[in-house]
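Residue numbers (the working numbering): 4 to 182.
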């Protein structure tokens with residue numbers, strides 16, 4: 004069990020507060036993400052995704068494929084929030100899930116099912132740059148639900164970075180730069 008809790012500090016960040024038992028997390032947090040409203044999202048290996056607000060915790064687990072009530076897969080690997088507030092969740096084999104915090108409904112992007120989405124970031128309007136374990140980097144069109152391969156520097160670099168037992172992680176660090 005984890006003997007800690009996440010608390011919001013006065014500086015709009017989060018801290019761990021030791022001494023409170025959070026056994027439901029099963030020591031399996033794979034991703035922590037703070038959204039624009041200063042809520043903390045925790046993706047887990049076995050328990051879906053937790054949304055930590057200042058006053059409560061909400062848990063979203065897996066549901067039937069195509070259902071809007073939960074994730075397509077409970078093992079969460081990546082989380083990204085768009086400027087419009089929609090949260091994109093990458094899972095381990097369940098592909099990409101889109102969460103609308105206004106309606107609290109999920110959309111399973113079925114064309115990505117079976118993919119392990121290790122990172123997600125903004126690329127351009129209606130497009131995300133994603134990393135799929137064992138498959139490489141892709142631009143994902145959120146409206147057409149389709150992948151377009153994203154080539155790193157050249158074919159040799161792409162092969163080495165994406166298919167040699169490594170998974171590239173992508174993060175947008177400024178308006179023009181992706182790391």
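All residues carry an ideal CB built from backbone N, CA and C; glycine is no exception.
Point to revise | When 39, 121, 151 and 112 are compared against residue 85, the one with the closest alpha-carbon | key: The count along the chain shown starts at 1 and reaches residue 85 at position 82. Out of 39, 121, 151 and 112, 39 has the C-alpha closest to the C-alpha of residue 85.
Review point. In three-state DSSP terms, what is residue 178?
Key: The residue you call residue 178 lines up with position 175 of the chain shown. Looking at residue 178 - three-state DSSP - the assignment turns out to be coil, as it is neither helix nor strand.
Review point. Straight-line CA distance for residue 56 to residue 37?
Key: If you number the chain shown from 1, residue 56 lands on position 53. If you number the chain shown from 1, residue 37 lands on position 34. If you take the alpha carbons of residue 56 and residue 37, they lie about 10 Å apart.
Check your understanding: residue 183: which of 92, 58 and 72 sits nearest, CA to CA?
Key -> This structure does not reach residue 183, given that the chain is present from 4 up to 182, and the question cannot be answered.
Exercise for review: State the start and end residues of the unbroken alpha helix (DSSP H) segment that holds residue 160.
Suggested key: Within the chain shown, the letter at position 157 stands for residue 160. Run containing residue 160: 158-166, per the alpha helix (DSSP H) assignment.
Practice item. Assuming residue 123 and residue 98 form a contact by the criterion Cβ under 8 Å, report the distance between their Cβ atoms to the nearest whole angstrom. Key: By one-based count along the chain shown, residue 123 stands at place 120. By one-based count along the chain shown, residue 98 stands at place 95. The beta-carbon separation of residue 123 and residue 98, rounded to 11 Å, does not stay under the 8 Å limit for a contact.
Point to revise | Close Cβ partners of residue 79 (< 7 Å) along its chain, the five nearest in sequence each way excluded | key: On the chain shown, residue 79 is found 76 positions in, with the first residue counted as 1. If the five residues before and after residue 79 are omitted, its C-beta is found closer than 7 Å to the C-beta atoms of 33, 34, 46, 47, 51, 52, 92 and 94, all from its own chain and listed in chain order.
Exercise for review: Throw me the rounded Cβ distance for the residue 153 and residue 131 pair, which I believe falls under 8 Å.
Suggested key: Along the chain shown, one-based indexing puts residue 153 at 150. Along the chain shown, one-based indexing puts residue 131 at 128. 11 Å between Cβ atoms; not a contact.
Exercise for review: Give me the Cα-Cα distance between residue 134 and residue 54, rounded to the nearest whole angstrom.
Suggested key: The count along the chain shown starts at 1 and reaches residue 134 at position 131. The count along the chain shown starts at 1 and reaches residue 54 at position 51. Going from the Cα of residue 134 to the Cα of residue 54 covers about 23 Å.
Exercise for review: Please report the Cβ distance between residue 81 and residue 73, rounded to the nearest whole angstrom; I am assuming they are in contact, meaning their Cβ atoms lie under 8 Å.
Suggested key: Position 78 of the chain shown, counted from the start, is the residue given in the question as residue 81. Position 70 of the chain shown, counted from the start, is the residue given in the question as residue 73. With 8 Å as the limit, residue 81 and residue 73 do not qualify as a contact, their Cβ atoms being about 17 Å apart.
Check your understanding: Using a Cβ-Cβ cut-off of 6 Å (strictly less than) and excluding sequence neighbours within five positions of residue 164, which residues of its own chain qualify?
Key -> On the chain shown, residue 164 is found 161 positions in, with the first residue counted as 1. Here the set comprises 155 and 171.
Practice item. Kindly indicate the opening and closing residues of the beta strand (DSSP E) around residue 143. Key: In the chain shown, counting from the first residue as 1, residue 143 sits at position 140. Unbroken beta strand (DSSP E) run through residue 143: 139-144.
Review point. Which stretch, first to last residue, makes up the beta strand (DSSP E) that contains residue 101?
Key: On the chain shown, position 98 is the one that residue 101 refers to. Where residue 101 is concerned, the enclosing beta strand (DSSP E) stretches over 99-103.
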